[in-house]
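S.K.: Quick mapping for you: the protein sequence lines, in order, are chains W and U. Under the working numbering, the final residue of the first sequence carries the number 500; numbering is consecutive throughout. Under the working numbering, the final residue of the second sequence carries the number 230; numbering is consecutive throughout. Yeah, the Cβ is synthetic: ideal placement off N, Cα and C, and Gly gets one too. Just so it is clear, the structure is predicted and the values come from calculations on it, not from any experiment.
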Amino acid sequence: MKLFNLRGGVHPEGRKDLSADIQVRALPLPKLLYVPLQQHIGAPASPAVKVGDHVLKGQLLAAAQGTVSSSIHAPTSGVVIALGDHAAPHPSGLPVPTITLESDGNDTWIATQTLDDPFFLSAEDIAARVAAAGIVGLGGATFPAALKLNLSRNSGVQTLIMNGGECEPYLTCDDRIMRERAVDIIEGIRLIALAVAAKEILVGIEDNKPEAIAAMQSAAKGSEVKVVAMPSMYPMGSEKQIIQVLTGKEIPAGGRPADIGVLVHNVATAFAVQQAIRYGRPLISRLVTVSGGAIKSPCNVEALVGTPVQELIDFAGGYSQPASRLVLGGPMMGQQFSNTKVPVVKGTSGVLALTSKEIGKAEPSPCIRCSTCVRACPVGLLPLEMAARIRVSDLAGAVTLGLKDCISCGSCSYVCPAHIPLVHYFNYAKGDLSTQERSKLKQESTKKLAEARNERIARIERERAEAAAKRKAAREAKERAAAAAKAATEAA
Amino acid sequence: MISALTSLTILGAVLGLILGFAARVFRVEGNKLAEEILEILPGSQCGQCGFPGCAGAAQALTEGRAPVTLCPPGGRAVVLALAAKLGKDADMADVKETVPMIAEVKEEICIGCTRCFKVCPTDAIMGAAQQIHSVFREACTACGKCEEVCPTESIKMQPIPVTLQSWYWHKPLTSEAV
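1. For chain W, check one thing: does any of its Cβ atoms lie closer than 8 angstroms to the Cβ of T193(U)?
2. Between H222(U) and chain W, is there a C-beta pair that is closer than 8 angstroms?
3. Determine, for A458(W), whether the minimum Cβ-Cβ distance to residues of chain U falls below 8 angstroms.
4. Specify the secondary structure class of D192(W) as computed by DSSP and reduced to three states.
5. When you compare the CB of V230(U) with every CB in chain W, is at least one pair closer than 8 angstroms?
6. Considering S55(U), what are the terminal residues of the beta strand (DSSP E) in which it resides?
7. Measure from the C-beta of Q210(U) to each C-beta in chain W and report whether the shortest distance is under 8 angstroms.
8. Using a beta-carbon distance cut-off of less than 7 angstroms, what residues from the stretch 408 to 439 of chain W approach chain U?
9. Tell me whether N158(W) sits in a helix, a strand or coil according to DSSP, three-state version.
10. With F169(U) as the anchor, note down where its alpha helix (DSSP H) starts and where it stops.
11. What does T454(W) touch in chain U if you count any residue whose Cβ is under 7 angstroms from its own?
12. Against chain U, with Cβ distances strictly below 8 angstroms, would L102(W) count as a contact?
13. Tell me the DSSP bridge mates of G172(W)?
14. What residues of chain U sit near R461(W), judged by a beta carbon separation below 9 angstroms?
15. Applying a beta-carbon distance threshold of less than 9 angstroms, which residues of chain U neighbour V96(W)?
16. Is it buried or exposed, I169(W), if we count other Cβ atoms within 10 angstroms and call 16 or more buried?
17. Please confirm if G127(U) has its CB atom under 8 angstroms from at least one CB of chain W.
18. Using DSSP's beta-bridge definition, name the partner residues of C307(W).
19. Quick check: T108(W) and A90(W), are their CB atoms within less than 8 angstroms of each other?
20. With a 10 Å radius around its C-beta and 16 neighbouring C-beta atoms as the bar for buried, classify V400(W) as buried or exposed.
21. Using 10 angstroms around the beta-carbon of V76(W), count the other beta-carbons present and answer buried if the total reaches 16, otherwise exposed.
22. Mapping DSSP to helix, strand and coil, what is L40(W)?
23. What are the residues of the stretch 272 to 306 of chain W that lie near chain U, defined by any Cβ-Cβ distance shorter than 7 angstroms?
24. Distance cutoff 8 angstroms, beta carbons only. Does K257(W) sit that close to anything in chain U?
25. Taking 8 angstroms as the threshold (C-beta atoms), are L14(W) and V253(W) in contact?
26. Let me know the secondary structure DSSP gives R488(W) once reduced to three states.
27. Identify the contact partners of S447(W) in chain U, using a Cβ-Cβ distance below 8 angstroms as the criterion.
28. Suppose you measure from the CA of A74(U) to the CA of S59(U); what does that come to, to the nearest Å?
29. Within a Cβ cutoff of 7 angstroms, which residues of the same chain sit near W221(U), ignoring the five residues on either side of it in sequence?
30. Check K503(W) in the structure and name its three-state DSSP category.
31. Any idea what DSSP makes of T75(W), helix, strand or coil?
32. Return the chain-ordered list of same chain residues with a C-beta closer than 7 angstroms to the C-beta of A437(W), the five sequence neighbours on each side being excluded.
33. Does the CB of Q344(W) have a neighbour CB from chain U at under 8 angstroms?
34. Looking at the unbroken beta strand (DSSP E) that takes in S111(W), where does it start and where does it end?
35. As a quick exercise: from C385(W), S442(W), I376(W), pick the residue whose alpha carbon is nearest that of A396(W).
36. Cα-Cα, which of K170(U), E160(U), S218(U) is closest to E205(U)?
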């Protein structure tokens, strides 16, 4: 198959060999599980259980609320011991509403419905079952999968692309899932294709995973699924980039893949979809890579959602040397964190403990306008110019240069010879802009409130004056009548 | 005598007509700029700028009697919008980098006097006599009017708590040159 060229991109050292060849093992059942109500983009789920309730594995803990939301299910059987705040798996470490579950050790499943032939289901039925299983995009963006299926079906998607790129260094969880569960993944892919009536199905896998490609190819034999090897390059696994490489089409600025008739899902999401449709199992666990130079024996584990990260690190033998930085996700786009009590969530692809040598932190020096970042940017932006504007608080200037099209992949920061934290500038600017946007919206609504109040006060005053005038008129009329009556009696 | 009178009368009448006509055709609309500026301002009429309400502040801004940084509840966004509208450079040094605030009622000492509830320009306070009041976060502009009238100091401006949705990375330090 003809592949198209990708603009920019970088070639970071893969370091995937640390964990790629070790079979996935299930993590021992943790005693306490911290299940955040928000593990997806959109509105947090609303709790469906009370403290003290006994729940079974796979039982609904919190239901989706609103259009963009996702349900949360019990990762094991046990008792809900708290509904409260727990540190989020996020660089801020802020507390977020979390359901704490104490496992009873039995791991008893709720009654589930197994389908012998899931392919007779209608497209709507598949999407409904995916929604009920609380499946979100497992590539990292955690967008509710059912919503994406419905949106894509309504906009007439032609091509379904399954993302097996896994371009982030260190991470091998998608590699392992494709090697070990290829048959199930292919079934999941065909179910997704059925749900969106896609005509073409492509699975893009980077060529640094030959075993995964072979496994997927043999599982896909005889089906309409086409497995394609792509060159290894970062950020090949980004939605926009994988579309560009496989189809040659580019998503318009501010647009979505559906605008050009494409739907992209991660291969791990396809596995979750297959489990949900065939076995009725909600998304309660995922594969997580535990790796990094500071981890004693890097590996991939199947961890329940809500498992404290510390348990994963312990399972991988703990630290072999002091970790300088802990990261959730990959080293390029992952989130730094420090509290290892934070839980694994649906979007956690990796737990990395990196040594100071691996981080390679260096003091930034002035920009010499070498434009290495411009060549590395996969979107075709001018990182140095945007950063220069953001530095002097000219965010509007950065937006005109295309800040909103930046995918925060970090390629520019990675290649910058002056170690300027370019992507940090962009993330800051995007956050600041969205805060401004929010405050503007709030201002508009409060302005309406103020106007409504002024009108109300004016109306009340007017009505009061009118009522007073009426009373006065009535009183005067009465007096006049009394005077007239008096005059009449006197006259008589 | 008569010719002088008639000519002057005719002159007066003609000129008067022209003036009257001109007044209708070339009528000057109210200051558009002031109206546009009023659109930008929060409209809560809190009076913290020292002008009588937002309309007064807008008038002062058009006449250049006030700096673009005059509006405390508007924050940085309003300063930037005003600077762009008026073509002025916003001196951000004048804008206090205050965190966004919001009114909060200390329920233990609220006596339910309804004074705050009466002065709130955006109806952001809910309450009734002898009832504990509370604040609608979405509607509060932190104008501070309620704080002034509260007899028990139970209503106070507090920074809006940071959530996962509102948190973002700080700006890289300026020593990190670009």
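M.R.: Quick look at the numbers:
1. Within the second sequence, residue 193(U) is the residue found at index 141, counting from 1. Output row for T193(U): interface = yes.
2. Along the second sequence, read from residue 1 onward, the residue named residue 222(U) stands at position 170. Closer than 8 angstroms to some Cβ of chain W, the Cβ of H222(U) qualifies, so yes.
3. Along the first sequence, read from residue 1 onward, the residue named residue 458(W) stands at position 450. Yes, A458(W) counts as interfacial toward chain U.
4. Here residue 192(W) is taken as the residue at index 184 of the first sequence, counted from 1. Correct three-state label for D192(W): helix.
5. The residue you call residue 230(U) lines up with position 178 of the second sequence. At V230(U) the pLDDT is 47, less than 50, meaning the model places this residue with poor confidence; the figure from the coordinates comes in the next sentence. For V230(U), the answer is yes, since a Cβ of chain W falls inside 8 angstroms of its Cβ.
6. As a working note, residue 55(U) is residue 3 in the second sequence. For S55(U), there is no enclosing beta strand (DSSP E); the enclosing alpha helix (DSSP H) covers residues 54 to 77.
7. Taking the second sequence and counting its residues from 1, the one referred to as residue 210(U) is at position 158. No, no contact with chain W.
8. I428, P429, H432, Y433, N435, Y436, G439
9. Taking the first residue of the first sequence as position 1, residue 158(W) is located at position 150. The answer is helix: DSSP assigns N158(W) an H, G or I state.
10. By one-based count along the second sequence, residue 169(U) stands at place 117. F169(U) -> alpha helix (DSSP H) spans 167 to 171.
11. Working through the first sequence from its first residue, we reach residue 454(W) at position 446. Within chain U, the residues near T454(W) are P94, S96, T174, A191, T193.
12. Locating residue 102(W) in the first sequence gives position 94, counting from the first residue. Interface residue, yes.
13. Translated into positions along the first sequence, residue 172(W) becomes position 164. DSSP lists I213(W) as partners of G172(W).
14. Stepping through the first sequence from its first residue, residue 461(W) is reached at position 453. Within 9 angstroms Cβ-Cβ: C172, P173, T174, D175.
15. Here residue 96(W) refers to the residue found at position 88 when the first sequence is read from its first residue. It should be pointed out that residue 96(W) corresponds to Ala in this sequence rather than to Val. Going along chain U in sequence order, the residues near A96(W) (Cβ under 9 angstroms) are L216.
16. What you label residue 169(W) is simply residue 161 of the first sequence in a count that begins at 1. Per the 10 Å Cβ criterion, buried.
17. Here the question's residue 127(U) lines up with position 75 in the second sequence. Yes - at least one Cβ of chain W is within 8 angstroms of the one on G127(U).
18. Here residue 307(W) is taken as the residue at index 299 of the first sequence, counted from 1. Its beta-bridge partners are V298(W).
19. In the first sequence, residue 108(W) corresponds to position 100, counting from 1. In the first sequence, residue 90(W) corresponds to position 82, counting from 1. The answer is yes: Cβ separation under 8 angstroms.
20. Counting from 1 along the first sequence, the entry for residue 400(W) is found at position 392. Exposed, because fewer than 16 other Cβ atoms sit within 10 Å of the Cβ of V400(W).
21. In the first sequence, counting from the first residue as 1, residue 76(W) sits at position 68. With fewer than 16 Cβ atoms within 10 Å of its Cβ, V76(W) is classed as exposed.
22. Position 32 of the first sequence, counting from 1, holds the residue named residue 40(W). Reduced to three states, the DSSP call for L40(W) is strand.
23. Flagged: no residues at all.
24. For the purposes of this step, residue 257(W) is identified with residue 249 of the first sequence, where counting begins at 1. No, because no Cβ of chain U sits closer than 8 angstroms to the Cβ of K257(W).
25. Residue 253(W) sits at position 245 when you count from the first residue of the first sequence. Residue 14(W) sits at position 6 when you count from the first residue of the first sequence. A contact, by the Cβ cut-off of 8 angstroms.
26. Looking up residue 488(W) in the first sequence gives position 480. If DSSP states are grouped into helix, strand and coil, R488(W) belongs with the helices.
27. Taking the first sequence and counting its residues from 1, one reaches residue 447(W) at position 439. Here the neighbours are G127, A129, P152.
28. Mapped onto the second sequence, residue 74(U) falls at position 22. Mapped onto the second sequence, residue 59(U) falls at position 7. About 22 angstroms.
29. Taking the first residue of the second sequence as position 1, residue 221(U) is located at position 169. Excluding five sequence positions before and after W221(U), none of the CB atoms of its chain fall closer than 7 angstroms to its own CB.
30. Outside the modelled stretch of chain W, which goes from 9 to 500, sits residue 503(W), for which no answer is possible.
31. Walking along the first sequence from the start, residue 75(W) turns up at place 67. In this structure, T75(W) counts as coil in the three-state DSSP scheme.
32. Translated into the one-based positions of the first sequence, residue 437(W) becomes position 429. Only I398, L403, A406, L411 meet the Cβ criterion.
33. Translated into the one-based positions of the first sequence, residue 344(W) becomes position 336. Judged by the 8 angstroms Cβ criterion, Q344(W) is not in contact with chain U.
34. For the purposes of this step, residue 111(W) is taken as the residue at position 103 of the first sequence. Where S111(W) is concerned, the enclosing beta strand (DSSP E) stretches over 103 to 111.
35. Position 388 of the first sequence, counting from 1, holds the residue named residue 396(W). Ranking C385(W), S442(W), I376(W) by Cα distance to A396(W) puts I376(W) first.
36. Here residue 205(U) corresponds to residue number 153 of the second sequence, with the count starting at 1. Among K170(U), E160(U), S218(U), the Cα nearest to that of E205(U) is on E160(U).
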